[in-house]
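Quick note: the sequence shown uses my numbering, first residue 7, plus one each step.
Using N, Cα and C, we set each Cβ at its ideal position, and we do this for glycine too.
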Amino acid sequence: METKKVIKKMILITIFSLIIIFLLQFIYLVPENHYSILDQTGEVRLEDYPELKEVSFMYSTDLLIEFYSKRDNLELERINFLFNNDVIGTVEINKNINDLEDFGENYIAENGEKVSIRKIYPLQKEFLRILGRNAEVYDSLEDGRFYIDIYIKDLKINKTFVINRNNIFLEFESGGPKIFIPNI
Numbered sequence: 007m008e009t010k011k012v013i014k015k016m017i018l019i020t021i022f023s024l025i026i027i028f029l030l031q032f033i034y035l036v037p038e039n040h041y042s043i044l045d046q047t048g049e050v051r052l053e054d055y056p057e058l059k060e061v062s063f064m065y066s067t068d069l070l071i072e073f074y075s076k077r078d079n080l081e082l083e084r085i086n087f088l089f090n091n092d093v094i095g096t097v098e099i100n101k102n103i104n105d106l107e108d109f110g111e112n113y114i115a116e117n118g119e120k121v122s123i124r125k126i127y128p129l130q131k132e133f134l135r136i137l138g139r140n141a142e143v144y145d146s147l148e149d150g151r152f153y154i155d156i157y158i159k160d161l162k163i164n165k166t167f168v169i170n171r172n173n174i175f176l177e178f179e180s181g182g183p184k185i186f187i188p189n190i
């Protein structure tokens with residue numbers, strides 16, 4: 007009689023354990039609140055600076071600057087966050103582009119020239135500061151247009167030029183446990 011009870015308990019524990027293991031396949035943890043960005047502005051060509059290959063945002067909100075050749079005279083001055091053409095926040099940087107963090111390996115570009123510099127500037131903390139740690143500001147962005155202006159200064163001629171990124175889509179994900187529900 008008691009062995010039947012023990013067997014039933016073991017079967018119940020096994021079934022319960024299998025259900026928990028199955029459910030854990032669909033639960034994941036997001037370590038902290040963060041923004042993701044999709045920059046679909048397209049290629050930006052600057053006539054005065056043909057060595058600039060790309061100035062855009064990575065999905066993680068890092069700013070990516072890519073060069074065909076080294077330039078000691080360019081400084082990443084600041085970045086403005088705009089909503090419906092009104093500045094909602096500014097990031098003051100004032101760093102020589104060569105002093106930014108290296109990103110990836112060098113490679114041969116489409117035009118056959120070797121890309122010698124690929125730099126990133128992390129902006130996740132600034133997105134959280136300007137747009138809100140809990141998407142307070144982001145929620146209000148749904149009815150308008152979000153833009154980012156990047157100011158780069160040529161130190162030789164003391165001229166600042168602006169790169170407009172104006173086809174930007176943002177997504178906010180809060181930290182904590184999440185449930186993945188697959189589409190069937």
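| When every heavy atom of the ligand NAD is checked, does at least one fall within less than 8 Å of the C-beta of Ile169? | Although the ligand NAD was asked about, the structure shown includes no ligands whatsoever.
| Spatially closest choice to Asn91 from Arg151, Phe109, Ile25 and Leu30, by CA coordinates | Your numbering for residue 91 matches position 85 in the sequence shown. Closest in alpha carbon position to Asn91, among Arg151, Phe109, Ile25 and Leu30, is Arg151.
| task | Please report how far the alpha carbon of Glu98 lies from the alpha carbon of Ile136, in whole angstroms. | result | In the sequence shown, the residue the question calls residue 98 occupies position 92. In the sequence shown, the residue the question calls residue 136 occupies position 130. Approximately 13 Å, taken between the alpha carbons.
| query | How would you call Asp108, buried or exposed, if buried means at least 16 neighbouring beta carbons within 10 angstroms? | reply | On the sequence shown, residue 108 is found 102 positions in, with the first residue counted as 1. Asp108 comes out exposed.
| Glu132 beta carbon less than 9 Å from that of His40 | Numbered from its first residue, the sequence shown carries residue 40 at position 34. Numbered from its first residue, the sequence shown carries residue 132 at position 126. No, these two residues do not count as a Cβ contact at 9 Å.
| message | Quick check: the Cα distance between Ser62 and Glu38, rounded to an integer number of angstroms? | response | Residue numbering aside, residue 62 sits at position 56 when the sequence shown is read from its first letter. Residue numbering aside, residue 38 sits at position 32 when the sequence shown is read from its first letter. Those two C-alpha atoms are separated by around 24 Å.
| field | Pair within 9 Å by beta-carbon distance, Asn189 and Gly48 | value | Position 183 of the sequence shown, counting from 1, holds the residue named residue 189. Position 42 of the sequence shown, counting from 1, holds the residue named residue 48. Not in contact: Asn189 and Gly48 (Cβ atoms no closer than 9 Å).
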